[in-house]
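Counting from 1, one number per residue, gives the positions in the sequence shown under this note's numbering.
Each remark here refers to the structure printed beneath this line.
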Amino acid sequence: MAGASSGQAASLGPDAQPAVLPDDRGPAVPAHGLPLLVLHGSNLGTAEDLARQLARDGTARGFDVRVAALDEVVDGLPGAGAVLVVCASYNGAPPDNAQQFCAALPHASALATALPFAVFGCGNRDWATTYQAVPRLLDEGLARRGGQRVLARGEGDARADMAGAFQAWSQALWPALGQALGLTLADPGDAQAPPCVRVQVLPGLASTVPPGPLPSRLGATLALTVLRNDELQQAPPDGPAERSTRHLVLGLPAGVAYAAGDHLGIQPVNPPALVARALQRLGLGGDEQVM
């Protein structure tokens, strides 16, 4: 869902009761208002999701938080507060929204006020020679520019427990950041503020939204035709195969190219049981257009 801001209602369709979404929360402890810039470099959304989790945690601890892609701050970092970075690598290259920042970092001027920073990297050890290449570049580059590293760079491995690695790193982050800033950052724990976003229903919305795929926050998306979908695993005679490996052939429209080493992100279909639970939670019937 997009377009719902704090304290406002997002409109969906007729006759449903307002539902509260648990994503947009205010400070759970007294706000000290120190700026916290949370940056991400992400093509497929994992690093951005983790960055936004840090942003929510920072808001709950009283920071004045801003979230941005790395390329949005290529002209300079702030002179006060702190900076957190979550970034991925793609065959050793930066994500699309971090290329300009990574190119400019080696030539940037010194960071003001020994800016406190910390970096968490997303990667996959299957690409051993380039694993964590971009997060390492960012971490070392910010330190060379005079930044104050408050915590060792965290590493998330997609073939292992990335969520667990991020959780352990982020739990260590806040005490270290508080020490660097001279703050006591209380753990909000169960005192986190209640949600402040409501979802309401607007009659007639469905008739105003054209049919077809909805836009994605991941950027440009295409509807492709599946030309072939073959199972490559041979099932044993006494039951189904333990895993599935499929060979997919997709038809590309004119002007779209795909080469070895490129990455394909596929938006999956949500399990019907989870969709039914979400509809029940929101008080919707399933025919409404959700924006």
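By construction, the Cβ of each residue, glycine as well, lies at the ideal position given by its N, Cα and C atoms.
What you are looking at is a predicted structure, and each value in this text was computed from that prediction instead of being measured.
Our contact map puts Leu-70 next to Phe-101 with C-beta atoms below 8 angstroms; I'd like the distance itself, whole angstroms only. For the purposes of this step, residue 70 is taken as the residue at position 70 of the sequence shown. For the purposes of this step, residue 101 is taken as the residue at position 101 of the sequence shown. Confirmed, Cβ separation roughly 4 angstroms.
ask   = For the 8 angstroms Cβ check, are there 3 or more pairs between the region 139-159 and the region 33-45?
value = no
Subject >> Local conformation of Phe-63 per DSSP, three classes >> reply: For the purposes of this step, residue 63 is identified with residue 63 of the sequence shown, where counting begins at 1. If DSSP states are grouped into helix, strand and coil, Phe-63 belongs with coil.
Considering only the alpha carbon of each residue, which of Gln-148, Pro-35, Gly-58, Gly-265 lies closest to Gly-81? If you number the sequence shown from 1, residue 81 lands on position 81. The option with the nearest alpha carbon to Gly-81 is Pro-35.
Exercise. How is the alpha helix (DSSP H) around Ala-93 delimited, first residue to last?
Worked result: The count along the sequence shown starts at 1 and reaches residue 93 at position 93. Run containing Ala-93: none; DSSP gives neither H nor E here.
- Using a threshold of 8 angstroms, state whether the C-beta atoms of Leu-248 and Asn-229 are closer than that. Numbered from 1 along the sequence shown, position 248 holds the residue referred to as residue 248. Numbered from 1 along the sequence shown, position 229 holds the residue referred to as residue 229. Going by C-beta atoms, Leu-248 is nearer than 8 angstroms to Asn-229.
Skipping 5 residues on each side, what residues in its chain have a beta carbon closer than 8 angstroms to that of Ala-114?
Working through the sequence shown from its first residue, we reach residue 114 at position 114. Cβ within range, chain order: Gly-146, Gly-147, Gln-148.
**Message:** Can you list, in chain order, the residues of its chain with a C-beta nearer than 7 angstroms to that of Tyr-90? Leave out the 5 residues immediately preceding and following it.
**Reply:** As a first step, residue 90 is located in the sequence shown; it is residue number 90 there, counting from the start. Result list for Tyr-90: Asn-43, His-263, in chain order.
**Q.** Extent of the continuous alpha helix (DSSP H) run through Asp-139
**A.** Looking up residue 139 in the sequence shown gives position 139. Its alpha helix (DSSP H) spans residues 133-144.
Identify the continuous alpha helix (DSSP H) that holds Pro-175 and give its terminal residues. Translated into the one-based positions of the sequence shown, residue 175 becomes position 175. Its alpha helix (DSSP H) spans residues 162-181.
#### Entry: Continuous beta strand (DSSP E) stretch holding Leu-84: start and end
For the purposes of this step, residue 84 is taken as the residue at position 84 of the sequence shown. Where Leu-84 is concerned, the enclosing beta strand (DSSP E) stretches over 82-88.
Suppose contacts are defined by Cβ-Cβ distances below 8 angstroms. Is Phe-166 in contact with Leu-274 by that definition? Locating residue 166 in the sequence shown gives position 166, where the first residue counts as 1. Locating residue 274 in the sequence shown gives position 274, where the first residue counts as 1. No, the pair does not count as a contact, with Cβ atoms beyond the cut-off.
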